[in-house]
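Okay, structure first, notes after.
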Amino acid sequence: MKKFLLVLLASLMLYACEEEKKENLIFTNYNIEKAYKKCNPEKGNCTFINLNFPVAKGKETVAKKINDSIEHHIIEIVSGFNPDNNPETMEEMVDGFIANYGSYREDFPETDIPWEATVFAEITSETPKLLSIDFNSYTFTGGAHGYGSNTYMNFNPETGAVYTHKDLFTPAFKDFVEKDFRNKENIPEGENINSTGMFFENDEFHLPANIGFRNDKLILTYNPYEIAAYVEGQKTYEYNLNEVSNYLKIDFSEKE
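The sequence shown begins at 2 in this note's numbering and counts up by one.
Structure, rendered in structure tokens:
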């Protein structure tokens, strides 16, 4: 009897796993918004935070991994990497952002410069092998200017894992991009990569931290301060997937 129950349990677990594999991921948009003293952002002079992002459903374990990664990424975008400001959830972060502004106003009652934090995350490419999400964000918490950026997360929709650059591209991809980068930025071949004022660490070219996919294009984005002064703004380079197909480890020929 005991042996029969073990076999039955194993069969049920296997069935559950197989059923989950058959499920499709479904995404719905979710919004979290909060304003200081319930002010209206559309009327100006209002401190607020607005987060809009996709939430995965179906394939329970996969969806949870994706949702947890999205939440962690948005928290990093808004809170930065300050060890003294490390909320565990987006709701905690949202409340903390507004509370911190309230404390700031108490310390400096003569100022009324509002803060702002917005994140708009959208799915830009979805295939059986890849899910790409673009996080368009802007934060301002005082100072000379705010900071806007586009960051990307690329997921394996079968497992929920986040792809690294090594997972997506062959080693030769870096050389391909550097050659094109030098051409577009007028940096002579053989010259130091920083000879025209770039900020590449150790005078060595590197791929941007953020690479994403949008429809049939590959998007490479260097955000402000990443390789150049803030005044240079964001540097974005696009390639048709058929241009870079030899460097891709993911098969994009398979469609949903």
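Note that the Cβ used here is the ideal one computed from N, Cα and C, for glycine as well.
Just so you know, these numbers come straight off a predicted model, no measurement behind them.
Check: When we look at the beta-carbon of K60 and count the other beta-carbons within 10 Å, is it buried (16 or more) or exposed?; Outcome: buried
Check: Using only alpha-carbon positions, find the residue among G161, N86, A173 and T222 that is nearest to Y153.; Outcome: T222
Check: CB A258 to CB F98, shorter than 7 Å?; Outcome: This structure does not reach residue 258, given that the chain is present from 2 up to 257, and the question cannot be answered.
Check: Ignore the nearest five residues each way along the sequence and tell me which others in G161's own chain have a CB closer than 6 Å to its CB.; Outcome: V63, K66 and I67
Check: Report, in whole angstroms, the separation of the C-beta atoms of N53 and F121, which I expect to be a contact under 8 Å.; Outcome: 5 Å
Check: Taking the alpha-carbon positions, what's the G234 to Y226 distance?; Outcome: 8 Å
Check: Decide if G213 is buried, meaning its Cβ has at least 16 other Cβ atoms within 10 Å, or exposed.; Outcome: buried
Check: Identify which residue in V178, Y105 and S133 has its Cα closest to the Cα of D217.; Outcome: S133
Check: Excluding sequence positions up to five away, which residues of its chain have a Cβ less than 8 Å from the Cβ of N46?; Outcome: C40, D113 and P115
Check: Only counting the same chain, and skipping five residues up and downstream in sequence, which positions put a Cβ closer than 7 Å to that of N25?; Outcome: G59
Check: Which value, in whole angstroms, describes the spacing of the CA atoms of K44 and N51?; Outcome: 15 Å
Check: Take P88 and list the residues in its own chain whose beta-carbon comes closer than 8 Å to its own, dropping the five residues that flank it on each side.; Outcome: I76, S80, M94 and G97
Check: Over the uninterrupted alpha helix (DSSP H) stretch that includes V79, give me the two end residues.; Outcome: E61 to S80
Check: For Y16, which three-state DSSP category applies?; Outcome: With a pLDDT of 43 at Y16, under the threshold of 50, the modelled position of this residue cannot be trusted; read the value that follows with caution. Helix, per DSSP.
Check: Going by other Cβ atoms of all chains shown within 10 Å of its Cβ, with 16 needed for buried, is N193 buried or exposed?; Outcome: exposed
Check: How long is the line joining the alpha carbons of E127 and K175, rounded to whole angstroms?; Outcome: 24 Å
Check: Considering only residues of the same chain and omitting the five flanking positions on each side of T237, which have a CB-CB separation below 6 Å?; Outcome: T222
Check: Considering only the beta carbon of each residue, do F200 and I220 sit closer than 7 Å?; Outcome: no
Check: To the nearest angstrom, how far is it from the Cα of V178 to the Cα of F206?; Outcome: 9 Å
Check: What is the rounded straight-line gap between the Cα of V232 and the Cα of N224?; Outcome: 11 Å
Check: Using beta-carbon positions only, say whether Y240 and F170 come within less than 7 Å of one another.; Outcome: no
Check: Give me, in chain order, the residues of the same chain whose beta-carbon lies closer than 6 Å to that of Y148; leave out the 5 immediate sequence neighbours on both sides.; Outcome: T140
Check: Starting from the Cα of A57, find the closest Cα among Y102, E92, F156 and G143 and give me that residue.; Outcome: F156
Check: Provide the residue(s) that pair with V95 in DSSP beta bridges, ordered along the chain.; Outcome: Answer is none; V95 lacks a bridge partner.
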